[in-house]
Each structure stands twice: as C-alpha cells, then as structure tokens.
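Enquirer: Under the UniProt record's numbering, residues 6 to 195 are what the sequence shown spells out, in order.
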Amino acid sequence: GNKNIQAKLVLLGDMGAGKTSLVLRFVKGQFYEYQESTIGAAFFTQALSLNDATIKFDIWDTAGQERYYSLAPMYYRGAAAAVVVYDITSMCAYISERESTDRRYVVHFLQDSFERAKKWVQELQRQGHPSLVTVLVANKADLETKRQVANEVGEQYARESGLLFFETSAKTAQNVNELFYEIGNKEIGK
Ligand code: GTP
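This is the structure in structure tokens:
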C-alpha cells in the first residue's frame, strides 16, 4: 500500500557553503546571488512522491557561523538524514601576527570549508544516530575555474567514510533534486 514517511533532515557546513541556497533551490526552485547568512537555523518542509511512497521532509537549515556550532546537536538529534555541505572554491587561509611582548608568533587558522565538513562528519559519526543517512555535498560546481577541492578528493573521502556523495550547484540546479530524491529512496528503504 501507500507508505507515508516523515523524515527530519539537517544541513550542516561552513558559512557560505550554500546550505540555504540548496534548500531554496529544492523547495522553491529559486536562487539568490546575495543570499543572507542564516541566524540560528531556518525551517522548511517539502514532500516528495517516490513510487508508492510519499516522504515529507522536515528540513533544518543550520547557521554555518562558528558561534552557532554548539547548537548543532539540537538539530541533528533525531534526524534521519544529514547533508554536510562544502564549497569547492573555498581554500585555507591563515593570519600570522607577531606578538611584541614575548616575541612569539601567533597563527590563526581559518579552515577551508572541506576541512569543516570533515569535522561535522566526525561529529555525526560519534554523536549521530547509527541509522543516520549522511550525504557529503560539494557545492558551487558551476564555479569550475575557481575550484580548490578536486571532485576525486571529496568522492574518496565520502567512500572511505561510508557517505553518499554529490557535486551540486544551487545556482544551476545541477544534482539538487537528485540529492534529495536519493535521500528519500534511502529513507523508504530503511
Ligand atoms: P550560512 O547561512 O552563513 O551558514 O551560509 P549558507 O551555507 O546557507 O550559504 P548561502 O546559501 O547563504 O550561500 C552563500 C553565498 O553563496 C550566496 O551569495 C549564494 O548566492 C552563493 N551560492 C550558494 N550556492 C551557490 C552555487 O551553487 N553556485 C554559486 N556560484 N554561488 C552559490
């Protein structure tokens, strides 16, 4: 008969990786060049029909800024699926400043979004539900000329860590529906 499934889905990833943009592309078919940064978290719902099943997603789009990291467990607790997003154009930068008082160098690392994504994956593997479906998403695939993370690097990390993997563009819609349909299929198969 007809299956009705409700699934909580959470998006995690560095600020600016494109979490909100992916959700808006999926839910509304829209994209904004100047998408505002999320504060706290945003909530969306979207239903999908797959064969003889209907799956209703409750989507929590979390804020990527570091000051919100500690809130993440509230959103991934009880989640059926997690989408961990990084930006293929983001690279590592650091600032080194000399401290005049004791002549030490202080180095502040700003991690790139792929490193941040790996941290979320590790946290989910430690704290998330064992049946959590985790998807690694390499976003902004339309910006090929600015690419810093090779497709194979993301793909290999995903394979080694037992994650699904998609390269997407919220801007061109590349692979966005495919990503959510694949999650839907996994939920139906659970
Ligand atoms: P926080 O809310 O700060 O955590 O950011 P976020 O991960 O939700 O990113 P958001 O969706 O706000 O996107 C950040 C910026 O990247 C925006 O200016 C978007 O227009 C842009 N952007 C998002 N996805 C893509 C994409 O696939 N391609 C391109 N070219 N730009 C994108």
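Just so you know, even glycine gets a beta-carbon here, dropped at the ideal spot from N, CA and C.
As the structure is a prediction and not an experimental result, all values here were calculated from the model.
Taking Cβ positions, are Ala87 and Val154 nearer each other than 8 Å?
Expert: Numbered from 1 along the sequence shown, position 82 holds the residue referred to as residue 87. Numbered from 1 along the sequence shown, position 149 holds the residue referred to as residue 154. No. Outside cutoff.
Enquirer: Can you find the residues in the same chain that come closer than 6 Å, C-beta to C-beta, to Thr25, ignoring five residues on each side of it along the sequence?
Expert: Walking along the sequence shown from the start, residue 25 turns up at place 20. Taken in chain order, the residues that qualify are Gln40, Thr43 and Asp66.
Enquirer: In its own chain, which residues sit with a C-beta less than 6 Å from the C-beta of Lys61, not counting the 5 before and 5 after it?
Expert: Position 56 of the sequence shown, counting from 1, holds the residue named residue 61. Closer than 6 Å at the Cβ level, and outside the excluded window around Lys61, lie Gln11 and Ala52.
Enquirer: Assign Arg121 to one of two classes, buried (16 or more other C-beta atoms within 10 Å of its C-beta) or exposed (fewer than that).
Expert: Locating residue 121 in the sequence shown gives position 116, where the first residue counts as 1. It counts as buried.
Enquirer: Which of helix, strand or coil does DSSP assign to Val28?
Expert: Working through the sequence shown from its first residue, we reach residue 28 at position 23. The answer is helix: DSSP assigns Val28 an H, G or I state.
Enquirer: Count the other CB atoms within 10 Å of the CB of Phe171; is the residue buried (16 or more) or exposed (fewer)?
Expert: Residue mapping note: residue 171 aligns to position 166 of the sequence shown, counting from 1. Label assigned to Phe171: buried.
Enquirer: Rounded to whole angstroms, what's the CA-CA distance from Asp63 to Tyr162? Just pull it up for me.
Expert: Here the question's residue 63 lines up with position 58 in the sequence shown. Here the question's residue 162 lines up with position 157 in the sequence shown. Straight-line Cα distance between these residues: approximately 27 Å.
Enquirer: Look at Val142 and Leu184 and say whether their C-beta atoms are less than 8 Å apart.
Expert: One-based indexing of the sequence shown puts residue 142 at position 137. One-based indexing of the sequence shown puts residue 184 at position 179. The answer is yes: Cβ separation under 8 Å.
Enquirer: With H, G and I counted as helix, E and B as strand and the rest as coil, what does DSSP make of Thr150?
Expert: Translated into positions along the sequence shown, residue 150 becomes position 145. Thr150: helix per DSSP, three-state reduction.
Enquirer: So for Lys13, helix, strand or coil by DSSP?
Expert: Taking the sequence shown and counting its residues from 1, one reaches residue 13 at position 8. If DSSP states are grouped into helix, strand and coil, Lys13 belongs with the strands.
Enquirer: What I want to know is whether the C-beta of Ala22 ends up closer than 7 Å to one or more non-hydrogen atoms of ligand 1.
Expert: For the purposes of this step, residue 22 is taken as the residue at position 17 of the sequence shown. Within the cutoff, so yes.
Enquirer: In whole angstroms, give me the CA-to-CA distance for Gly189 and Lys145.
Expert: The residue you call residue 189 lines up with position 184 of the sequence shown. The residue you call residue 145 lines up with position 140 of the sequence shown. Spanning the two alpha carbons is a distance of roughly 23 Å.
Enquirer: How many Å lie between Tyr37 and Ala68 at the Cα?
Expert: As a first step, residue 37 must be located in the sequence shown, where it is residue number 32. As a first step, residue 68 must be located in the sequence shown, where it is residue number 63. So the two alpha carbons sit approximately 17 Å from each other.
Enquirer: For Gln35, does the three-state DSSP call read helix, strand or coil?
Expert: Here residue 35 refers to the residue found at position 30 of the sequence shown. Gln35: coil per DSSP, three-state reduction.
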